[in-house]
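Q: Pasting in a structure now, in C-alpha cells, and then I'll have a few things to ask.
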Amino acid sequence: MQSLIHLTDKQSGLVVDYISEKNYWNDVRTIELQNNRDTFDFTTFSDRSFSKHIADQNRIVIPDRKVGYAEFIIDEHKQALNSNGSHHITVWSSASYLRLKKAKIINPKTTGTDTAAKHVDDTLIDTGWKRGKIAHTGLRTFVIEEHTNPYAFLKRIASEFNLELQFRIAIQNGEIVRYVDMLERVGRWRGFEAAFGYNLLGIERKSTSSGVVTALLGVSPADTDGNVKTSLKYDYQALQRWGMKDSNGQLKHLYAVYYPQSTDQEMTQERLDTLTENELEKRV
C-alpha cells in the first residue's frame, strides 16, 4: 500500500489534497511519550499543486502501523532552492492530539464516581475527539485541585485505571474522525520510537506556531485564605486565523492557563486582567 500524506484544512477539517510517496523524502516520525513529544517531519516539492496547502496549522494525516492513521499539525514550513534549481519545502509538525492541551480549560472540581468510559466522555466534550475503545476496569473518583486541560486529565485517567492511552484517526467520506482509546497495558515501552524513514540526527527542529493560543485564563496567586482570582481573555482576530470549526461550524478557541510570575497575595482583579491581556498578546 502506498504511504500517502493527506493534507487537510485547519478550519474545515476536510481533506484538500495528498502527497504521493514519490513526492516526499527525509520523512521521520519521532515519539517520546514521556516528554509529550510526537512529531513528523518531511521534505517535499514547493512548486506542485499540493504545495499551496502546506501552511502553518494546516493538518496532515499519515499511515500508522499500529492504529491506522495519525494526524499532525504543521508548526512550521521552510522553502529552499536546491543547487540544481529545484524548489523544495521542509515541514515540521506535531501530533494533533497534543492540541487537546488547548481544547478547553477544566476547572477544579470533584468528579462523580464513574467508569473510565464516562470520565473520557466528560473530558472530550467540545474537543473534537470521541471516545473509542475503553477497557472496563471499575469505578474511580477524581479530585481536580488545579486548572487543567483535557490532554493532562486523559493521561491521569489512564494512569488511575492502569490503562494505556492511545489516539487514532479515521478518514470517513473525506472527513477526519478522531478517537481516544484506553486499552489494557501490554508489556513495557521504552518511551522512544523513530519511524517513517530514518532519524535525522543533527537537524534542528523549529516551531513558530505551535505555541499559539486564542484564549487565556489568568490565575492569581492565592490570598491568605487560599482563594484565587481568575481572568479569561479572548483574541477574536486570532480565533479567525487559527481556530478550527466544530461539528456545528463554529470556530473553537485554543486555550491555555497562565500563572503570573508574582507572589502578590493581594493582586487586584484589574492587575490580573492587565497581566493576562499582555500575556495573550505574546501568544497569538
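Going by full-length UniProt numbering, 141 is the number at position 141 of the sequence shown; the sequence numbering is gapless. Where is the CB? At the ideal position from N, CA and C, for every residue including glycine. As the structure is a prediction and not an experimental result, all values here were calculated from the model.
1. Where do the N-terminal and C-terminal ends of the alpha helix (DSSP H) with His119 fall, by residue?
2. With a CB to CB cut of under 7 Å and the five nearest residues on each side skipped, what residues in its chain are close to Pro63?
3. For the putative contact between Phe42 and Val91, defined by C-beta atoms under 8 Å, what is the C-beta separation to the nearest angstrom?
4. Taking just the CA atoms, how far does Gln269 sit from Val228?
5. Three or more beta-carbon pairs under 8 Å between the segment 21–40 and the segment 133–149, yes or no?
6. Tell me the rounded alpha-carbon separation between Asp114 and Lys282.
7. Can you tell me whether DSSP reads Pro150 as helix, strand or coil?
8. Please return the same chain residues whose Cβ sits closer than 8 Å to the Cβ of Lys245, not counting the five positions on each side in sequence.
9. Could you tell me which residues DSSP puts in a beta bridge with Arg59?
10. Between which two residues does the beta strand (DSSP E) containing Trp129 stretch?
11. Classify Asn162 as buried or exposed, calling it buried when 16 or more other Cβ atoms lie within 10 Å of its own Cβ.
12. Note down the Cα distance separating Asp223 from Thr214, rounded to an integer number of angstroms.
13. Using the DSSP secondary-structure output, state which residues sit across from Lys229 in a beta bridge.
14. Taking the continuous beta strand (DSSP E) assigned at Val166, which residues delimit it?
15. Mind checking which residues open and close the alpha helix (DSSP H) that includes Arg178?
16. Can the beta-carbon of Ala152 be found closer than 8 Å to that of Thr127?
17. Count the other CB atoms, across all protein chains shown, that sit within 10 Å of the CB of Ile5; report buried if there are 16 or more and exposed otherwise.
18. Report the residue from Val284, Pro221, Phe45, His53 whose alpha carbon sits nearest the alpha carbon of Ala238.
19. Closer than 6 Å by C-beta to Glu266: which residues in its own chain qualify, once you throw out the five before and the five after it? Chain order, please.
20. Within a Cβ cutoff of 6 Å, which residues of the same chain sit near Tyr179, ignoring the five residues on either side of it in sequence?
A: Straight from the coordinates:
1. Translated into positions along the sequence shown, residue 119 becomes position 119. Residues 116–124.
2. Taking the first residue of the sequence shown as position 1, residue 63 is located at position 63. Within the same chain, Pro63 has close Cβ partners Ser3, Tyr69.
3. By one-based count along the sequence shown, residue 42 stands at place 42. By one-based count along the sequence shown, residue 91 stands at place 91. Right, the Cβ-Cβ distance comes to about 6 Å (below 8 Å), so this counts as a contact.
4. Taking the first residue of the sequence shown as position 1, residue 228 is located at position 228. Taking the first residue of the sequence shown as position 1, residue 269 is located at position 269. Those two C-alpha atoms are separated by around 10 Å.
5. no
6. If you number the sequence shown from 1, residue 114 lands on position 114. If you number the sequence shown from 1, residue 282 lands on position 282. Cα to Cα, Asp114 sits roughly 39 Å from Lys282.
7. Position 150 of the sequence shown holds residue 150. Correct three-state label for Pro150: helix.
8. Along the sequence shown, read from residue 1 onward, the residue named residue 245 stands at position 245. Excluding sequence neighbours, Lys245 sits near Gln11, Ser12, Gly13, Leu251, Lys252.
9. In the sequence shown, the residue the question calls residue 59 occupies position 59. According to DSSP, which records beta bridges pairwise, Arg59 is partnered with Thr8, Ile73.
10. For this step, residue 129 is matched to residue 129 along the sequence shown. That residue, Trp129, is in no beta strand (DSSP E); it is neither H nor E in DSSP.
11. For the purposes of this step, residue 162 is taken as the residue at position 162 of the sequence shown. Result: exposed.
12. Your numbering for residue 223 matches position 223 in the sequence shown. Your numbering for residue 214 matches position 214 in the sequence shown. Going from the Cα of Asp223 to the Cα of Thr214 covers about 28 Å.
13. If you number the sequence shown from 1, residue 229 lands on position 229. The partner list for Lys229 (beta bridge, DSSP) is empty, contrary to what the question assumes.
14. Your numbering for residue 166 matches position 166 in the sequence shown. The sequence shown places Gln at residue 166, not Val. Taken as a continuous stretch (DSSP letters only), the beta strand (DSSP E) holding Gln166 covers 163–172.
15. For the purposes of this step, residue 178 is identified with residue 178 of the sequence shown, where counting begins at 1. It is not in any alpha helix (DSSP H) - Arg178 instead sits in the beta strand (DSSP E) that spans 175–184.
16. Residue numbering aside, residue 152 sits at position 152 when the sequence shown is read from its first letter. Residue numbering aside, residue 127 sits at position 127 when the sequence shown is read from its first letter. Cβ distance not < 8 Å, so Ala152 and Thr127 don't count as in contact.
17. Position 5 of the sequence shown holds residue 5. When all chains shown are included, Ile5 counts as buried.
18. What you label residue 238 is simply residue 238 of the sequence shown in a count that begins at 1. Checked all of Val284, Pro221, Phe45, His53; the closest Cα to Ala238 is Val284.
19. Counted from its first residue, the sequence shown places residue 266 at position 266. Cβ within range, chain order: n/a, list empty.
20. For the purposes of this step, residue 179 is identified with residue 179 of the sequence shown, where counting begins at 1. Taken in chain order, the residues that qualify are Lys130, Gly132, Arg168.
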